[in-house]
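Here the structure is laid out as structure tokens; the discussion comes afterwards.
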Amino acid sequence: MENFISIVEIPTGSFARAVAFYQSVFNIGIREIDMQGTQMGLFPGGGPVNVALIKGDDYKPSAIGTLVYFNGGDDLQNVLHKVEPAGGRVLLPKTLIDAENGFYALFTDTEGNRMGLHSYK
19 MENFISIVEI PTGSFARAVA FYQSVFNIGI REIDMQGTQM GLFPGGGPVN VALIKGDDYK
79 PSAIGTLVYF NGGDDLQNVL HKVEPAGGRV LLPKTLIDAE NGFYALFTDT EGNRMGLHSY
139 K
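Number 72 in the numbering used here belongs to position 54 of the sequence shown; there are no gaps in the numbering.
Quick look at the structure:
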């Protein structure tokens, strides 16, 4: 098994608002598709782990469920400073884990999902 995780689905209340938030914060394009009546927004990259925004009756955003950490690139602060202008909220600023494991931060997106960022610098 190459990777233990295959797909991450991020629930949305307002699909359009969530797409705009993640495109702005990560400076990416999100491809919107309809999957048998469920709206999905596919993050770029694909590969062994796929990330998608999702809007459907059985999907509810949450600040208390599974926590996903996005790769913050060389320095997660470059991403974190975009969160609040895009409508999210920083919960925990850039914080040192230790010299070997780098830094992390926590934020909520526009839908109320709690998310993390990680970088080594």
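Backbone N, C-alpha and C fix where the C-beta goes; we use that ideal spot for every residue, glycine too. Being a predicted model, the structure only gives us computed values, none of them experimental.
State the DSSP-derived secondary structure class of residue i, mapped to helix, strand or coil.
i	result
Val26	strand
Leu110	strand
Ser137	strand
Gln54	coil
Gly59	strand
With a threshold of 7 Å, establish whether the CB of residue i neighbours any heavy atom of the ligand NAP.
i	result
Leu71	No copy of the ligand NAP occurs in the structure displayed, which carries no ligand at all.
If you follow the alpha helix (DSSP H) that residue i is part of, which residue opens it and which one closes it?
i	result
Ala70	Run containing Ala70: none in the alpha helix (DSSP H); it sits in the beta strand (DSSP E), Asn68 to Lys73.
Ser42	Phe33 to Phe44
Alpha carbon to alpha carbon, how far is residue j from residue i? Give it in angstroms, no decimals.
i	j	result
Ile71	Gln54	The question names Ile, but residue 71 in the sequence shown is Leu. Their Cα atoms are separated by approximately 15 Å.
Val97	Asp75	30 Å
Val67	Gly47	17 Å
Gly120	Ser32	33 Å
Lys139	Phe88	14 Å
Leu110	Val101	12 Å
Fully enclosed by the stretch 81 to 133, which alpha helix (DSSP H) runs are 4 residues long or longer?
95 to 98
Would you be able to state if there are at least three C-beta pairs under 8 Å between the stretch 124 to 135 and the stretch 84 to 102?
yes
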